[in-house]
Amino acid sequence: MPADGDLRIHWLHWSDSTQQRLDTGSIEAGGSLDDLGERFAGVPCYVIVPGEWVSWQQVVLPKGGRVGLAALPFQLEEQLCSDLDSLHLVCGNIVANQPSDVLVVDRQRMDEWFALLKDSGLKVKSLLPDYAVLPENVVLLDERRATVRLPAAAASLSTDNLSAWWQVAGGDVSPRCYSEQGAAIAVSLPAESTQTYEQRLEQIARLFSPWPMNLLSGDYRLKEESNVLWQRLRWPVVLAGLLLALHWLSLGLEIADSRRQIALYEQGIDDIYRDTFPGARIVNARSQMRSQLAALEGGNVEQSAFMPWLDRIARASKGDSGIRLQQLNYEKNAVKVLIAADGYEQVDRWVAALLSQGFEVERGAFGQEQTGITGQLVLREGGK
Numbered sequence: 012m013p014a015d016g017d018l019r020i021h022w023l024h025w026s027d028s029t030q031q032r033l034d035t036g037s038i039e040a041g042g043s044l045d046d047l048g049e050r051f052a053g054v055p056c057y058v059i060v061p062g063e064w065v066s067w068q069q070v071v072l073p074k075g076g077r078v079g080l081a082a083l084p085f086q087l088e089e090q091l092c093s094d095l096d097s098l099h100l101v102c103g104n105i106v107a108n109q110p111s112d113v114l115v116v117d118r119q120r121m122d123e124w125f126a127l128l129k130d131s132g133l134k135v136k137s138l139l140p141d142y143a144v145l146p147e148n149v150v151l152l153d154e155r156r157a158t159v160r161l162p163a164a165a166a167s168l169s170t171d172n173l174s175a176w177w178q179v180a181g182g183d184v185s186p187r188c189y190s191e192q193g194a195a196i197a198v199s200l201p202a203e204s205t206q207t208y209e210q211r212l213e214q215i216a217r218l219f220s221p222w223p224m225n226l227l228s229g230d231y232r233l234k235e236e237s238n239v240l241w242q243r244l245r246w247p248v249v250l251a252g253l254l255l256a257l258h259w260l261s262l263g264l265e266i267a268d269s270r271r272q273i274a275l276y277e278q279g280i281d282d283i284y285r286d287t288f289p290g291a292r293i294v295n296a297r298s299q300m301r302s303q304l305a306a307l308e309g310g311n312v313e314q315s316a317f318m319p320w321l322d323r324i325a326r327a328s329k330g331d332s333g334i335r336l337q338q339l340n341y342e343k344n345a346v347k348v349l350i351a352a353d354g355y356e357q358v359d360r361w362v363a364a365l366l367s368q369g370f371e372v373e374r375g376a377f378g379q380e381q382t383g384i385t386g387q388l389v390l391r392e393g394g395k
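Counting in our numbering, the sequence shown runs from 12 upward without gaps.
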């Protein structure tokens with residue numbers, strides 16, 4: 012972000028592995044960052060702001076964690092000259108009774124930065140003042156500005172004021188000084204070494220050592236792209252989930268209904284077996300029915316010639332509730348049927364139906380019972 016007097020926002024695409032510049036440029040201050048967002052979509056980036064606008068404080072808190080964080084404003088109240096409600100505070104890791112780093116910035120300034128970044132499309136990893144991305148014992152100088160990072164002090168200020176600031180905060184530290192090439196800098200420091208650089212942002216990238224803090228926190232936390240995408244897709248996903256749940260519910264109901272139908276069919280088979288073989292014990296009605304049919308025919312069920320006969324008997328009996336089959340015995344190409352009927356009229360009607368099915372019917376003796384009559388019929392293939 013531009014410092015006072017700078018009318019452009021400078022950007023740098025840097026390779027950490029090769030320590031080389033991949034691309035660089037600048038845009039007009041106050042302009043949109045959308046072009047950069049489209050160009051470097053998905054590339055993590057750091058946003059560096061002038062340290063003159065961000066104050067670094069250190070506080071010692073009696074408690075760590077949330078308790079210490081809640082006590083932070085009260086600890087800073089005496090050190091700051093502004094109303095706390097107008098300030099944005101960001102604290103590093105809080106350890107009880109140990110110095111903790113705190114960055115303080117005016118909310119109005121944060122509002123400007125946040126408005127510029129929130130819809131830019133940039134994947135901002137952190138926003139920090141320039142002194143918070145330098146290693147210790149480093150001074151970065153140009154004709155207008157000085158950025159200093161010492162063990163016990165850090166600031167960005169006018170180069171003209173550096174000497175006075177150093178007398179107060181510098182102590183006996185001998186830093187590494189990096190001066191802009193060709194700049195007329197009338198400052199003398201007890202430097203351990205002095206080097207020159209061509210471009211300020213590139214030199215920061217070479218020395219890059221960011222603090223584990225981020226001014227884009229709390230009220231100024233940027234929504235991650237994944238969260239924005241989720242907000243857009245939330246209702247379609249919910250609708251799709253609801254439709255899927257309804258589908259599985261419908262499928263479950265169909266399965267339950269199918270199982271109920273199967274149970275009814277199985278019960279029907281058992282009932283038919285009981286009606287056909289009264290008093291028989293049922294274990295597996297299907298298997299027992301096959302065995303009984305095989306026994307009736309004296310052969311294998313799969314090769315049974317009795318099945319077509321049984322089908323014709325069933326057609327002759329269809330719709331006639333006055334005839335009750337009590338026993339069938341198939342042998343020597345004849346079926347002996349023991350029946351019970353309400354009366355002789357029902358027997359005559361059934362015999363006529365059997366004749367229409369191509370059977371030759373031989374009547375046996377019939378006797379009177381309390382509920383009707385019982386007797387035996389012998390069925391043979393017609394013409395035999």
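From the three backbone atoms N, C-alpha and C, an ideal C-beta is built for every residue, glycine too.
Item: Beta-carbon separation of Pro186 and Val135 under 8 Å?; Value: no
Item: Do the segment 58-75 and the segment 30-41 touch if we need at least three Cβ pairs shorter than 8 Å?; Value: no
Item: Just tell me which of Ala195, Gly76 and Glu203 has its CA closest to the CA of Cys102.; Value: Gly76
Item: Please report the residue range of the alpha helix (DSSP H) in which Val362 lies.; Value: Tyr355 to Ser367
Item: Ignore the nearest five residues each way along the sequence and tell me which others in Gln31's own chain have a CB closer than 8 Å to its CB.; Value: Trp25
Item: In whole angstroms, what separates the C-alpha of Leu269 from that of Leu262?; Value: In the sequence on display, residue 269 carries Ser and not Leu. If you take the alpha carbons of Ser269 and Leu262, they lie about 10 Å apart.
Item: Have a look at Lys129, Pro140 and Leu128 and flag the residue whose alpha-carbon is nearest the alpha-carbon of Val116.; Value: Pro140
Item: From Val312 to Ser302, what does the alpha carbon distance come to, in whole angstroms?; Value: Any reading at Val312 needs caution, since the residue's pLDDT is 48, under 50, leaving its predicted position unreliable; the model's value is listed next. Roughly 7 Å separates the two Cα atoms.
Item: Only counting the same chain, and skipping five residues up and downstream in sequence, which positions put a Cβ closer than 6 Å to that of Pro162?; Value: Glu147
Item: Taking the beta strand (DSSP E) that Gly36 belongs to, which residues open and close that run?; Value: Gln31 to Glu39
Item: Short of 6 Å in beta carbon distance, which residues of its chain neighbour Asp130, apart from the five on each side in sequence? Order them along the chain.; Value: none
Item: Closest to Ser204 by C-alpha separation, out of Phe219, Asn104 and Val184, would be which residue?; Value: Val184
Item: Cα separation between Val389 and Asp281?; Value: 27 Å
Item: What separation, rounded to the nearest whole angstrom, lies between the Cα atoms of Ala52 and Met12?; Value: 19 Å
Item: Which first and last residues belong to the beta strand (DSSP E) in which Leu388 is found?; Value: Gly383 to Glu392
Item: Is DSSP giving Trp25 helix, strand or coil here?; Value: strand
Item: Nearest-angstrom Cα distance between Pro84 and Arg19?; Value: 35 Å
Item: Are the segment 118-129 and the segment 188-196 touching by the rule of at least three beta carbon pairs closer than 8 Å?; Value: no
Item: If you reduce the DSSP assignment to three classes, tell me which class Trp320 lands in.; Value: helix
Item: Looking only at its chain, what residues have a beta carbon closer than 6 Å to the beta carbon of Leu98, apart from the 5 residues adjacent to it on each side?; Value: Val115
Item: Quick one: give me the first and last residue of the alpha helix (DSSP H) that Val78 is part of.; Value: Gly76 to Leu87
Item: Could you compute how far the alpha carbon of Glu209 sits from the alpha carbon of Pro73?; Value: 46 Å
Item: Report the rounded CA-to-CA distance for Ser237 versus Glu154, giving the unit in angstroms.; Value: Model confidence at Ser237 stands at a pLDDT of 48, short of 50, so the residue's coordinates are unreliable and nothing is read from them.
Item: With the cut-off set at 8 Å, would you say Ala376 and Gly386 are in Cβ contact?; Value: yes
Item: Tell me whether the beta-carbon of Gly48 lies closer than 8 Å to the beta-carbon of Gly182.; Value: no
Item: Give the single residue among Asp112, Leu23, Ser28 and Val60 whose Cα lies nearest to the Cα of Asp17.; Value: Val60
Item: Using 8 Å as the limit for Cβ to Cβ distance, is Val248 near chain B?; Value: No chain B appears in this structure, which consists of one protein chain only.
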